[in-house]
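To start, the structure itself, in structure tokens.
There are 2 protein chains.
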Amino acid sequence: MSTVTFQFGGEGEVAIIAATGEQLLEVARKANVAIDAPCSGNGSCGKCQIKLLDGALASGKTRHIDSDAWQAGWRLACDSTIDGDATVLVPDIASAYRSRMKTDLSSPDEIAIFESMQAALEEAGLLRLSAVREFELRLEAPTLSDTTPDNERLARALRTALGVERVHLPYFVVQKLPGVLREGRFMSRCIYEIHSGAIEVLDLLPAGDSLPLCGLTIDIGTTTVSGALVELPTGKILSKATAGNAQIRFGADVIHRIVEQQKPGGVRRLQKALTEETLSPLIDSLCRGADVPRDRIYRMVVASNSTMNHLLLGVDAEALRTEPYVPAFFELPPFRCSEIGVELAPSAQLHLAPNIGSYVGGDITAGTLASMIWRGQDLSLLIDLGTNGEIVFGNSEFLIACACSAGPAFEGGEISCGMRATDGAIEACRIDESTMEPALTVIGGQKPVGLCGSGIIDAIAELFRTGVIDGKGKFIRDGRRIEQDEFGIGCYVLAFPEESSTARKITLTEIDIDNFIRAKGAIFSATLTMIHSMGFMPSDIKHVAVAGGIGSGINIANAIRIGMFCDLPLERFHYIGNSSLAGAYAVLVSEKAEDCLSSLSRSMTYLELSVQPGYMDAFIAACFLPHTDGRLFPSLAPLSK
Amino acid sequence: MSTVTFQFGGEGEVAIIAATGEQLLEVARKANVAIDAPCSGNGSCGKCQIKLLDGALASGKTRHIDSDAWQAGWRLACDSTIDGDATVLVPDIASAYRSRMKTDLSSPDEIAIFESMQAALEEAGLLRLSAVREFELRLEAPTLSDTTPDNERLARALRTALGVERVHLPYFVVQKLPGVLREGRFMSRCIYEIHSGAIEVLDLLPAGDSLPLCGLTIDIGTTTVSGALVELPTGKILSKATAGNAQIRFGADVIHRIVEQQKPGGVRRLQKALTEETLSPLIDSLCRGADVPRDRIYRMVVASNSTMNHLLLGVDAEALRTEPYVPAFFELPPFRCSEIGVELAPSAQLHLAPNIGSYVGGDITAGTLASMIWRGQDLSLLIDLGTNGEIVFGNSEFLIACACSAGPAFEGGEISCGMRATDGAIEACRIDESTMEPALTVIGGQKPVGLCGSGIIDAIAELFRTGVIDGKGKFIRDGRRIEQDEFGIGCYVLAFPEESSTARKITLTEIDIDNFIRAKGAIFSATLTMIHSMGFMPSDIKHVAVAGGIGSGINIANAIRIGMFCDLPLERFHYIGNSSLAGAYAVLVSEKAEDCLSSLSRSMTYLELSVQPGYMDAFIAACFLPHTDGRLFPSLAPLSK
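This is the structure in structure tokens:
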């Protein structure tokens, strides 16, 4: 047996005993060290790079690691096995995905975007009437001539005060009843909801308690989890936080997660990765940020894709990925958070934004609610660029939704130097046509660590605009930033080691570009197929809401230039950020929004692209810069030949 | 520090480290060794006798232990402190109360009594319509053209099959849904309830599962806990069991328990004594007896006095014993068993028989249901002789109930050689008028261990009939079985050491007789006060149902002879055993019985004896054999002067 020590660049270390021959990636999983492994360890993505600092590993040579990097000790964790004691560095680029809490890095731009969504929801009357309310109760103290028991005394007072006939006290409130009532001399603070004509008491606090009455809104993405602690019923956001989804170590996309949960104990393991390793520290951080204890959180609203909400509930998700793709549920009534092991107030209930299909989940229905595309007569699109791509098309009269297998490229997945839109990510770039030198915009202003989705769009658009690459994404110019590896694969060096935060080159390779072209081709062809399926043309679209983790820096002109979005006037596009979180927020603070989401989701039609005639042809035609059919991009005519 | 070892007469031992000067009774509590201590350790009851086998104890001399016994090593645990290592024997007479599981010792008589109650409930239509039912479900398998999610598919099928519109699936059923449906090829066994027009799914089992669908009925007495595992919906009793209430080590009666729960952590400690130390082994035994796993138990019905049900729920019971005597609840809606830490099927709910006052609890309301006194026009009494005495009076038009401070004498408490009606208890006795020699009937047929309630009644009645004692309970004859201790207190020796199982004398002392006379006086005066309060006379009573742990051997004529029951024709009395368990059983197997119990308990009036004019005088007058007013017992005229 050998001791394997994982280091994180000055942030402590983790040691574990492992057997000779064990795969390092597997050893890391056992040690709960999350190494980014989007391909789940089959050697194809090259993302699970670690650096051998001391000791020995038996590793395979791979095209993902050049000779210099190999010399420096870089190895793939999936292609290394234990061969004695070893100390390895888990590098920054992987730690961007590590399941650690980060306070929310939202830029002022992103906050402004969220607030404008709040304003739109408010204007639509969707932010009023929180279900969770409170009441200062003053009961008559019992006497020998009025020996009504505590529970009936409380119910009697609530009925009188609120004019509602039925009152239900959950067990845990009964349990604390004699104490709270007598400590407060029969004055108390009662937290309750009213549902279908009955008062549900959520908590009873001693008189004088003045901590805020809170709710949680959480967006669980395949890669990133974002949350906000909200004061009820005012709707004020008390704290915000974002964390990596700790399931990332089981694979980058939902398919890999489902494969992983099929292993013995897998469902429970993936559930715990979400509840214990992701949500629990996230909630702790939110509570610390607002100085509110967990037991003052009375409601949690989660928006997430179908796989994530199945796994959050510990429900076998296998049927989501096998024909006929039938989930365990679309919509569920609320149930206690404690049932999935999330400890808030004992009465706190989990509300899930409803799914409408195996691949169009609560994140999309909640996002649709927030996008407001369902409100007017104008034909609109919602394009959500998460770890997958989902598109909703319609207006107040109809809504259809589809999922396209765009993969995780928009969040930096399947891109060798990709990362999500957080500190150190190149979010925008321009390339000088003559020198081919780049001008980079990096989140946080530091030296770059990698590229996020909006940065990749810019880089590809600029390489194409400057003639560095052709319509197929192949390099057709030479220069000091254009290199070829030993396998003949070209790449563009965005940052040399001395220009980067990681002291390693940041490049965009032909493989990356190819992956991204397939991703943008999937989005574009899905959009077109959807519009055509309803008998419309792209030019009929009046509004395009772009949502997701691609970053607020997205350059729409560049996204059109590479043929990702339809060629429409720029003013029709709006980046709306995390619409899923905004929709969940609305449901948290407003009964009306919850009802609206429920009926919205029931009225949405799921379009299964794979059975749409012509979809595959449309996809293949879209895998070109900007498109094989230049007529679809009239504004680019001078460039697109 | 010293090592104290507790032995149980060949049934293993328990050792614990204790400090010099610590009270042995307290040390025993810490070691979880239950030594019967009805007076909670104040030295007055003399029950906590242990035998010092080895080592040293610092003990006080006490009237409860005579010189021979002292010589043999007998001490009071409450009056002994640690003074070095010691090994002590916890004797049989205490172990009768120890919190160990015993299979039910019910005699054929008691089974017959229970069955006759079942028959009466059946005849009243109260044993039909179990709320918990099952259904063999056969769902259409999903296809690409019918991708309805599992939960909606299940709900759709249930709606069609049962003609009920609303269907609710709890979280844990959703969690297992995909697995169970696909394993059984979309055939399954659905366990459900129908409540106010909605189907509540309780469980979903794979097709072919054939284990019985079960419920639990439990009577939690202050001293004894009895339970039965019942097949739903047939009502068949699969197993029965009885255990001592493990709270006994905190005191014999409810007042001592409430005092104990006021100490830090006391509420939780007393709750755990019930849930973990009493109910859990009882349920295990019931499940073993019927070869049924716990997770096939879908409902638990508990009948218990107000203090027991408050403590079972972990609710502070202090307000029950302090003016104005206001409980936290009378009636509660059902809630999950898991909320109080009793793990059955995840959906299993606890139904509590409702209380009507601080001292008239669910055991009495359930007992009233089973007694059937509420059914006809005839005026009837239910006299429940448990650890306390409760009396219900009325008919189909009115019901009033009261509690009298009879103390635990009927279950053998506060009687020096008292015990409950279990193996070794003298349950009946006759005394020869000339020789004064007794003829004893012992439960189980062995040599006697002590006296249960019916045995005490007989002994006192016989001593009175034979002129051995006078109307005040003082000894007025001499003989070889009549002794006086060093304090001049007389006693009758029912068994000399060689005649007893414990190799110690079994006696009935003047103090015992005095205690019992006060207990029977409380019952009689309460009965009379109640009858008079409604303007009736004892002779108006047509039926008297006698319930409780006094034992099926109760000799009614003797109970009348000592002035415990009204002087009515014997055929008007019926011993109905554990009516509380029978009532809980009815509620378990029948929705109609539950509704009936609920309305019954709401219609019952609680009579507070202590504020009834004349009650104290009536009590004092009744503390005589049979009564100071002989006219109340005309049939005894020749004996009562």
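Here the protein sequences come in this chain order: A and B.
Read in order, the letters of the first sequence are residues 1 to 641 in this note's numbering.
Read in order, the letters of the second sequence are residues 642 to 1282 in this note's numbering.
Ideal Cβ placement from N, Cα and C applies to all residues, glycine included.
Query raised in the report: Leaving out five residues before and five after L320(A) in sequence, what residues of the same chain have Cβ atoms less than 7 Å from its Cβ?
Result: Position 320 of the first sequence, counted from the first residue, corresponds to residue 320(A). I258, S306, T307, H310, P327 and S358, listed in sequence order.
**Report entry** E1055(B) - DSSP class collapsed to helix/strand/coil
**Finding:** Taking the first residue of the second sequence as 1, we reach residue 1055(B) at position 414. Of the three classes helix, strand and coil, the one that applies to E1055(B) here is coil, per DSSP.
**Report entry** Span separating the alpha-carbon of A155(A) from that of L399(A)
**Finding:** For the purposes of this step, residue 155(A) is taken as the residue at position 155 of the first sequence. For the purposes of this step, residue 399(A) is taken as the residue at position 399 of the first sequence. In a straight line, the C-alpha of A155(A) is about 44 Å away from that of L399(A).
**Report entry** Neighbourhood of E1055(B) by C-beta, 7 Å cutoff - its chain only, sequence neighbours within 5 removed
**Finding:** Start at 1 with the first residue of the second sequence, and residue 1055(B) comes out as number 414. P679, C686, G1048, P1049 and N1156.
Requested in this report: Would you identify the three-state DSSP class for Q648(B), choosing helix, strand or coil?
Outcome: Residue numbering aside, residue 648(B) sits at position 7 when the second sequence is read from its first letter. Q648(B): strand per DSSP, three-state reduction.
Query raised in the report: Closest Cβ-Cβ distance between S1281(B) and chain A: below 8 Å?
Result: Along the second sequence, one-based indexing puts residue 1281(B) at 640. The predicted model places S1281(B) with a pLDDT of 41, which falls under 50 and marks its position as unreliable; any figure quoted below should be read in that light. No, S1281(B) lies away from the interface with chain A (no Cβ there is under 8 Å from its Cβ).
Query raised in the report: Closest to A869(B) by CA distance: which of R1159(B), V933(B) and E841(B) is it?
Result: Your numbering for residue 869(B) matches position 228 in the second sequence. The candidate whose alpha carbon is nearest that of A869(B) is V933(B).
Query raised in the report: Which residue's Cα is closest to the Cα of P438(A): I506(A), M419(A), G473(A) and W374(A)?
Result: Within the first sequence, numbered from 1, the residue matching residue 438(A) stands at position 438. Ranking the options by Cα distance to P438(A), first place goes to I506(A).
Requested in this report: Express the C-alpha separation of G820(B) and E13(A) in angstroms, rounding to a whole number.
Outcome: Translated into positions along the first sequence, residue 13(A) becomes position 13. Translated into positions along the second sequence, residue 820(B) becomes position 179. About 39 Å.
Query - Amino acids of chain A, ordered along the chain, whose beta-carbon sits closer than 9 Å to that of L973(B) - result: What you label residue 973(B) is simply residue 332 of the second sequence in a count that begins at 1. Result: N151, L169, Y171 and V174.
Requested in this report: Buried or exposed for L570(A), please, with buried defined as at least 16 other CB atoms from any protein chain shown within 10 angstroms of its CB.
Outcome: Here residue 570(A) refers to the residue found at position 570 when the first sequence is read from its first residue. Classification for L570(A): exposed.
Requested in this report: Reducing DSSP to helix, strand and coil, say where F335(A) ends up.
Outcome: Along the first sequence, read from residue 1 onward, the residue named residue 335(A) stands at position 335. Note: F335(A) maps to strand in three-state DSSP.
Query - Cut-off 7 Å between Cβ atoms - residues of its own chain near F647(B), not counting five sequence neighbours on either side - result: Numbered from its first residue, the second sequence carries residue 647(B) at position 6. Cβ within range, chain order: E654, V655, A669, A672, V674, V729 and V731.
Report task. Under 8 Å by Cβ, that's how I've got A86(A) and L52(A) pegged, so tell me the actual separation to the nearest angstrom. Result -> Position 86 of the first sequence, counted from the first residue, corresponds to residue 86(A). Position 52 of the first sequence, counted from the first residue, corresponds to residue 52(A). Indeed, because the Cβ distance is near 6 Å, the residues count as touching under 8 Å.
Requested in this report: Taking C-beta pairs closer than 8 Å, name the residues in chain A that E980(B) reaches, listed in chain order.
Outcome: Residue numbering aside, residue 980(B) sits at position 339 when the second sequence is read from its first letter. The contacting residues are Y171 and F172.
Query raised in the report: What distance in whole Å lies between the Cβ atoms of A1007(B) and A798(B), which are believed to be in contact at a cut-off of 8 Å?
Result: In the second sequence, residue 798(B) corresponds to position 157, counting from 1. In the second sequence, residue 1007(B) corresponds to position 366, counting from 1. Going by Cβ atoms, the distance from A798(B) to A1007(B) rounds to 37 Å, so no, they are not a contact pair.
**Report entry** Cβ separation of I541(A) and L381(A), assumed to be a contact under 8 Å, to the nearest whole Å
**Finding:** Along the first sequence, one-based indexing puts residue 541(A) at 541. Along the first sequence, one-based indexing puts residue 381(A) at 381. Contact holds; Cβ gap of about 6 Å.
Requested in this report: Within its chain, find whatever has a CB closer than 7 Å to the CB of C1207(B); leave out the 5 residues flanking it on each side and keep chain order.
Outcome: Residue numbering aside, residue 1207(B) sits at position 566 when the second sequence is read from its first letter. Around C1207(B): T1168, P1179 and I1182.
Query - T278(A) versus G445(A): straight-line alpha-carbon distance, rounded - result: If you number the first sequence from 1, residue 278(A) lands on position 278. If you number the first sequence from 1, residue 445(A) lands on position 445. When rounded, the distance between both Cα atoms is 28 Å.
Query raised in the report: At a Cβ threshold of 8 Å, is V201(A) touching chain D?
Result: Included in the structure are the protein chains A and B, with no chain D among them.
Report task. Leaving aside the five residues before and after M828(B) along the sequence, list all residues of the same chain whose C-beta is less than 6 Å from its C-beta, in chain order. Result -> As a working mapping, residue 828(B) is identified with position 187 in the second sequence. Correct list, in chain order: R779 and A848.
Query raised in the report: Got a sec: is the Cβ-Cβ distance from F186(A) to anything in chain B below 8 Å?
Result: On the first sequence, residue 186(A) is found 186 positions in, with the first residue counted as 1. No - not a single Cβ of chain B is within 8 Å of the one on F186(A).
Query raised in the report: Nearest to L282(A) by alpha carbon, out of G244(A), A252(A), G314(A) and R268(A)?
Result: Translated into the one-based positions of the first sequence, residue 282(A) becomes position 282. Minimum Cα distance to L282(A) is reached at G244(A).
Query raised in the report: Can you give the Cα-Cα distance for S736(B) and R909(B), rounded to whole angstroms?
Result: Counted from its first residue, the second sequence places residue 736(B) at position 95. Counted from its first residue, the second sequence places residue 909(B) at position 268. With a pLDDT of 43 at S736(B), under the threshold of 50, the predicted position of this residue should be treated as unreliable, though the coordinate-derived value follows. Taking the straight line joining both Cα atoms gives about 24 Å.
Report task. Give the residues from the region 1003 to 1016 of chain B that approach chain A closer than 8 Å (Cβ to any Cβ), ordered along the chain. Result -> none
Report task. Compute the Euclidean distance between the alpha carbons of Y833(B) and L843(B), then round it to the nearest angstrom. Result -> On the second sequence, residue 833(B) is found 192 positions in, with the first residue counted as 1. On the second sequence, residue 843(B) is found 202 positions in, with the first residue counted as 1. Cα to Cα, Y833(B) sits roughly 5 Å from L843(B).
Query raised in the report: Per DSSP, what kind of secondary structure is V674(B) in: helix, strand or coil?
Result: Against the second sequence, residue 674(B) aligns to sequence position 33. Coil.
Query - Within 8 Å, strictly: CB atoms of L1248(B) and L1010(B) - result: In the second sequence, residue 1248(B) corresponds to position 607, counting from 1. In the second sequence, residue 1010(B) corresponds to position 369, counting from 1. No, they are not a contact pair.
Query raised in the report: Is the beta carbon of V302(A) sitting closer than 8 Å to the one on L213(A)?
Result: Taking the first residue of the first sequence as position 1, residue 302(A) is located at position 302. Taking the first residue of the first sequence as position 1, residue 213(A) is located at position 213. Not a contact, by the Cβ cut-off of 8 Å.
Query raised in the report: How far does the alpha helix (DSSP H) with T1009(B) in it reach, from first residue to last?
Result: Locating residue 1009(B) in the second sequence gives position 368, counting from the first residue. Run containing T1009(B): G1003 to S1012, per the alpha helix (DSSP H) assignment.
Requested in this report: May I have the straight-line CA-CA distance separating A495(A) from C417(A), to the nearest angstrom?
Outcome: For this step, residue 495(A) is matched to residue 495 along the first sequence. For this step, residue 417(A) is matched to residue 417 along the first sequence. Distance between the alpha carbons of A495(A) and C417(A) is about 11 Å.
Query raised in the report: How would you call Q195(A), buried or exposed, if buried means at least 16 neighbouring beta carbons within 10 angstroms?
Result: The count along the first sequence starts at 1 and reaches residue 195(A) at position 195. The sequence given here places His at residue 195(A); Gln does not occur at that position. By the 10 Å Cβ count, H195(A) comes out exposed.
Query - Residue-level contact to chain B via CB, A319(A), 8 Å cutoff - result: Locating residue 319(A) in the first sequence gives position 319, where the first residue counts as 1. At least one chain B Cβ lies under 8 Å of A319(A).
Query - Own chain residues within Cβ distance below 6 Å of G714(B), not counting five before or after - result: Here residue 714(B) refers to the residue found at position 73 when the second sequence is read from its first residue. If we look at G714(B) and ignore the five residues flanking it on each side, its Cβ neighbours are K692 and L693.
**Report entry** Three-way DSSP call (helix, strand, coil) for H992(B) in this model
**Finding:** One-based indexing of the second sequence puts residue 992(B) at position 351. Strand.
Query raised in the report: What beta strand (DSSP E) runs, 3 residues minimum, are completely inside the region 123 to 172 of chain A?
Result: 132 to 138 and 166 to 168
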